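Only one structure is covered here, and it is reproduced in the block below.
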Amino acid sequence: MRTSHHIPDEMLLAYAAGSAPEAWSLIVATHLSLCSDCRAVVGNTEQIGGELLDSLTPETLSEDAFDLLMREIDSQAGKQELPKAPSTQIPSVLPEPLRSYVGGDLHALKWRRLGKGAFHIPIATKDQSAQARLLKVPAGNPVPMHGHNGEELTLVLTGSFTTHQGKFQRGDIEAADDSVEHMPVAGPEEDCICLAVTDAPLKFKSLGARLVQPFIGI
Amino acid sequence: MNLKREIKLSPAAPSYLALVVNNMHAHAGQGGLEQSMAKSGEDAFSADDLVLCLQAVGARQDRAAFRVLFDHFAPRIKAYIIKLGCSHQQAEELAQETMTKVWNKAGQFDAAKAAPSTWMFRIARNLRIDAFRRENHPEFDQNDPSLIPAEERPADQVVEQKQSERQLLAAMAELPEEQMHLLRLSFFQDMSHGAIADHLNIPLGTVKSRLRLAMVKLRKKIDDNDQMQADGLSR
Chain A
1 MRTSHHIPDE MLLAYAAGSA PEAWSLIVAT HLSLCSDCRA VVGNTEQIGG ELLDSLTPET
61 LSEDAFDLLM REIDSQAGKQ ELPKAPSTQI PSVLPEPLRS YVGGDLHALK WRRLGKGAFH
121 IPIATKDQSA QARLLKVPAG NPVPMHGHNG EELTLVLTGS FTTHQGKFQR GDIEAADDSV
181 EHMPVAGPEE DCICLAVTDA PLKFKSLGAR LVQPFIGI
Chain B
1001 MNLKREIKLS PAAPSYLALV VNNMHAHAGQ GGLEQSMAKS GEDAFSADDL VLCLQAVGAR
1061 QDRAAFRVLF DHFAPRIKAY IIKLGCSHQQ AEELAQETMT KVWNKAGQFD AAKAAPSTWM
1121 FRIARNLRID AFRRENHPEF DQNDPSLIPA EERPADQVVE QKQSERQLLA AMAELPEEQM
1181 HLLRLSFFQD MSHGAIADHL NIPLGTVKSR LRLAMVKLRK KIDDNDQMQA DGLSR
């Protein structure tokens, strides 16, 4: 099935340019595994990067730069890099690079309870500015009504969810910012597992959800 | 320059490119190729030549071909890193590191998928993210069995890599300066869109909408050209 909700263009640009922090890059790259349209856009954007690189006024290097480099290369001879074989031969639910970040496919995951039947797994990156996590919402359940203090991208991996903006299925991206208040509801077919990245805590409407927020760090 | 034609006539001859390249070095005189290029203000090598050089390094670790790549790219990669705010020394170290990677990975270069400059840009970008932000640049894996492949296009609609480069250059040339400027900031300043907005003293929403506009234009232009080419071929 073809993905119908994509990463916003300016985020694809930030990814290709290398200015997007790691947590955002993780969700972009995972979406790219599932969406050839966005892969093509990133390819074109990296080509822009190549053209811009080519158009720069060259800086002079030290005179012995090439000789130094060849000496370095000779001293590490035999270090030809071959393409890495994929870690699995069968299609997994979690595509790369997400699978490597969480240490395996679904069966390897250790979910933490979030309340109301929902679970999550925070994903470690070296990026302090945004948090990536896997979320699991039971089939048919809603996520409590919430707004956003910053930006949020959510990528569906299993099942589906619906908001006022429509239905989101495997590979789809939902983009929300501080203008968006929503209550996503997981589809009835199976538990909905998503990768979500946020750069600020969510704003829950209900007191109950707000009270537990500091303890679960969402 | 007849280098291109000569190489095309005998693409399989292993030492031929090296011979030609060495000749060019000799012609460039004592100042070396790099200086002669700087003097003339333009490159002695076309994108096709750079593809052949990368392939020569990949296939047989051809040092003369690698020298050509080094002379063309290392000074530009150094310039790229300096633009991102690093010292000359750091920039030179990273340029060297990038070229070491190029030597080690040249066998993976696929001319059907990327231009040499695009391929070099990716390597330099990932190294500088690693070096200066101590972060990874997560990437999809082309060989991952979970990857959803692109829908096959009919053979007459497949756009060649070279064609796509020309289309992109044409599309970039038509972008308004205001949008080009934002693109350059995105690539060369390592700034978030919020930081760009502060830097230019314009609202974040404006930065995003201008960048989106630029991307839509680039996309549309490339799609239109694809379509025109496909129409032309099918007639």
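Protein chains in written order, with the working numbering: chain A, 1 to 218; chain B, 1001 to 1235. The C-beta atom is built at its ideal place from N, Cα and C for all residues, glycine as well. The model shown is predicted, which means the values in this text are computed figures rather than measured ones.
Give me the Cα-Cα distance between A1214(B) and R113(A), rounded to the nearest whole angstrom. Rounded to the nearest whole angstrom, the CA to CA distance from A1214(B) to R113(A) is 43 Å.
Candidates V93(A), K116(A) and A17(A): which alpha carbon is nearest N1191(B)'s? The sequence shown places Met at residue 1191(B), not Asn. Check the Cα spacing between M1191(B) and each of V93(A), K116(A) and A17(A): the tightest is with A17(A).
If distances are taken between C-alpha atoms only, which option among D177(A), P188(A) and L207(A) comes closest to L1204(B)? Of the candidates D177(A), P188(A) and L207(A), the one whose C-alpha sits nearest the C-alpha of L1204(B) is D177(A).
Of all Cβ atoms in chain A, is any one closer than 8 Å to the Cβ of H1193(B)? With a threshold of 8 Å between beta carbons, H1193(B) makes contact with chain A.
Residues from the region 194 to 205 of chain A in contact with chain B, defined by Cβ distance under 9 Å: Listed in sequence order: no entries.
Is DSSP giving R120(A) helix, strand or coil here? The amino acid at residue 120(A) is misidentified as Arg; the sequence shows His. DSSP places H120(A) in strand when its eight states are reduced to three.
Members of the region 42 to 62 of chain A near chain B, C-beta cut-off 7 Å: If you check each beta-carbon in the region 42 to 62 of chain A against every beta-carbon of chain B, the ones closer than 7 Å belong to N44, E46, Q47, I48, G49, G50, E51, L52, L53, D54, L56, T57, P58, E59, T60, L61 and S62.
Smallest Cα separation from E1093(B): which of A65(A), L98(A) and Q80(A)? For E1093(B), the closest alpha carbon among the candidates A65(A), L98(A) and Q80(A) is that of A65(A).
Strictly under 8 Å for the Cβ-Cβ distance: is Q89(A) near chain C by that measure? In summary, chain C is missing from the structure at hand, where the protein chains are A and B.
Pick out whichever of P91(A), A124(A) and S92(A) has its Cα sitting closest to the Cα of L26(A). With distances taken between Cα atoms, L26(A) lies closest to A124(A).
Verify whether the separation of the beta carbon atoms of Q1108(B) and P83(A) is less than 8 Å. Taking C-beta atoms as the reference points, Q1108(B) and P83(A) count as a pair closer than 8 Å.
In or out: H206(A) buried (at least 16 other Cβ within 10 Å) or exposed? Reading the sequence as shown, one finds Ser at residue 206(A) and not His. Exposed, because fewer than 16 other Cβ atoms sit within 10 Å of the Cβ of S206(A).
If you draw a straight line from the C-alpha of F1070(B) to the C-alpha of P201(A), how long is it? Looking at the two C-alpha atoms, the distance is approximately 47 Å.
Closer than 8 Å, CB to CB, is A17(A) near chain B or not? True, the Cβ-Cβ gap to chain B drops below 8 Å.
Alpha-carbon to alpha-carbon, I1082(B) and S1186(B): Whole-angstrom Cα-Cα distance: 15 Å.
Would you call the region 1121 to 1141 of chain B and the region 20 to 37 of chain A in contact, with 3 or more CB pairs under 8 Å? Touching, yes.
Note down, in chain order, every chain A residue with its Cβ under 8 Å from the Cβ of S1087(B). Within chain A, no residue comes near S1087(B); the closest Cβ sits about 12 Å away, beyond 8 Å.
Distance, Cα to Cα, A1195(B) vs L1182(B)? Straight-line Cα distance between these residues: approximately 12 Å.
Where does V1102(B) sit, in a helix, a strand or coil, going by DSSP? Per DSSP, reduced to three states, the secondary structure at V1102(B) is helical.
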